[in-house]
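Engineer:
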Amino acid sequence: MPELPEVETSRAGIAPHLVGHRVARLVIRQPQLRWPIPANLALCLEGKVIRSVARRGKYILISVEGGAALLHLGMSGSVRILPAGAPAAKHDHVDLVLDTGSMLRLTDPRRFGALLWQPENELHSLLASLGPEPLSDEFNAEYLQTCCKGRKTAIKTLIMNSQLVVGVGNIYANEALFQAGIDPRRAAGRVSAQRLEQLVICIKQVLARAIEQGGTTLRDFVGGDGKPGYFKQELHVYGRAGELCHSCGSILKEVRLGQRSTVYCPSCQR
DNA sequence: CTAAGGACCTGTCGGC
DNA sequence: TGCCGACAGGTCCTTA
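Residues in the first sequence are numbered consecutively from 19, following our numbering.
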């Protein structure tokens, strides 16, 4: 479900319900996520006031005195604010119960998500080697050109590499490359500097626009406020293989790159 | 070092 | 209707 826009939508949706409030209890029904939830996490959080709810890449950081809970939604995770005590369904793995009578509930059918602990003044190893935020100035044409130099990897695979830039998942990689007019299969090192400059602009535009729209709801994604995302209406290639290009009318093609579905217009993208 | 593939897990969908 | 394989928003880890 979540790429950066969906994570940011979730973060923004839950933050007002959490910040400034005290954690009454952490209820863990299923600790086996991608990594086990640390046994001492409840002790780290209970009784503490939540200071901030931030985001780094696709991680949500819920900070309290002493550290931060790191939350990753994986492929199928989502969070919602509910009244404390709402009945739990099959994949409702964790509740962060607040002293307000509300709780944050984590649901994740595939359990590729994670809930970990990062002590204050330490950088969790999962965050240590992440690339820059795509919407920051640090992610610019010059930077991407350096990343691509000499690389034979397909440009799409490269922009999805979180060590180089975070937050660009399969949907938005497809969309950004369409907007930039670049064939996703093209070796990164063989994309001209000018077109990489364009790609940076397109990645930023697509992500920013998707955040404005509350993310992309494919199946049942809803933000922390329970509303679906509306960006799906603006998708040009993702999920549209065999349909007509919105720009030139050609039939969109599909290939696999790094085992991910890749859709592009053979006429507009070179 | 880079690149490619498998692994993790459950639900859904299309085909027979 | 039922079964089986393929596929799904991520990304770490192993292997070559």
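The beta carbon of each residue, even a glycine, is placed where N, CA and C say it ideally should be.
What are the start and end residues of the alpha helix (DSSP H) that includes T175?
Structural biologist: Here the alpha helix (DSSP H) through T175 covers 173 to 177.
Engineer: Please state whether DSSP places A146 in a helix, a strand or coil.
Structural biologist: Looking at A146 - three-state DSSP - the assignment turns out to be helix.
Engineer: Name the one or two DSSP bridge partners that R43 has.
Structural biologist: According to DSSP, which records beta bridges pairwise, R43 is partnered with V115.
Engineer: In or out: E193 buried (at least 16 other Cβ within 10 Å) or exposed?
Structural biologist: Under this definition E193 is a buried residue.
Engineer: Can A106 and D117 be called in contact, C-beta distance under 9 Å?
Structural biologist: Not in contact: A106 and D117 (Cβ atoms no closer than 9 Å).
Engineer: By alpha-carbon positions, which one of S94, G75, R73, I68 ends up nearest to G84?
Structural biologist: Nearest C-alpha to G84: I68.
Engineer: On the three-state DSSP scale, how would you describe R50?
Structural biologist: Going by the sequence as given, residue 50 is Gln instead of Arg. If DSSP states are grouped into helix, strand and coil, Q50 belongs with the strands.
Engineer: Between which residues of its own chain and A60 is the CB-CB distance below 6 Å, once the five residues before and five after are set aside?
Structural biologist: Excluding positions up to five away in sequence, the list reads L44.
Engineer: Along the chain, where does the beta strand (DSSP E) that runs through P101 open and close?
Structural biologist: Element bounds for P101: 96 to 101.
Engineer: What does the alpha-carbon distance come out to for the pair D110 and E261?
Structural biologist: Roughly 37 Å separates the two Cα atoms.
Engineer: Is V186 closer than 9 Å to E21 when the C-beta atoms are compared?
Structural biologist: The answer is yes: Cβ separation under 9 Å.
Engineer: Quick check: T27 and G257, are their CB atoms within less than 9 Å of each other?
Structural biologist: Going by C-beta atoms, T27 is not nearer than 9 Å to G257.
Engineer: Go through its chain and collect everything with a Cβ distance to K66's Cβ below 8 Å, but skip five positions before and after it.
Structural biologist: Cβ neighbours of K66 beyond the five flanking positions: R40, V41, V82, E83, G84.
Engineer: So for E156, helix, strand or coil by DSSP?
Structural biologist: Coil.
Engineer: Would you say Y161 and P23 are within 9 Å of each other, going by their C-beta atoms?
Structural biologist: No, they are not a contact pair.
Engineer: Look up Y77 in the DSSP assignment and say whether it is helix, strand or coil.
Structural biologist: DSSP places Y77 in strand when its eight states are reduced to three.
Engineer: Of the choices A33, T125, I221, whose alpha-carbon is the least far from that of V183?
Structural biologist: Nearest of A33, T125, I221 to V183, Cα basis: I221.
Engineer: Please determine, among K170, A86, A33, the residue with the shortest C-alpha to C-alpha distance to L141.
Structural biologist: Closest option to L141, Cα to Cα, is A86.
Engineer: State the Cα-Cα distance for the pair P127 and Q287, rounded to the nearest angstrom.
Structural biologist: Cα-Cα distance, rounded: 36 Å.
Engineer: Do Y77 and L145 come within 9 Å of each other at the CB atom, strictly closer than that value?
Structural biologist: Cβ atoms of L145 and Y77: closer than 9 Å.
Engineer: Are P137 and I173 close, meaning C-beta to C-beta below 9 Å?
Structural biologist: No. Outside cutoff.
Engineer: Measure the alpha-carbon distance for A226 versus K271 and round it to whole angstroms.
Structural biologist: Near 26 Å, if we compare the C-alpha coordinates of K271 and A226.
Engineer: Quick check: the Cα distance between T171 and G207, rounded to an integer number of angstroms?
Structural biologist: So the alpha carbons of these two residues sit roughly 8 Å apart.
Engineer: Have a look at Q277 and L100 and give me their C-alpha separation to the nearest angstrom.
Structural biologist: For Q277 and L100, the distance between alpha carbons rounds to 36 Å.
Engineer: Check whether the Cβ atoms of S95 and L124 lie closer than 9 Å to each other.
Structural biologist: The amino acid occupying residue 95 in the given sequence is Gly; Ser does not appear at that position. The answer is yes: Cβ separation under 9 Å.
Engineer: Tell me the residue span of the alpha helix (DSSP H) that contains R227.
Structural biologist: Per DSSP, R227 belongs to the alpha helix (DSSP H) from 211 to 230.
Engineer: Out of Q48, I80, I55, state which residue places its alpha-carbon closest to the alpha-carbon of H35.
Structural biologist: Per the Cα distances, I80.
Engineer: Can the beta-carbon of P56 be found closer than 9 Å to that of W135?
Structural biologist: Against a cut-off of 9 Å, the Cβ pair of W135 and P56 comes out as a contact.
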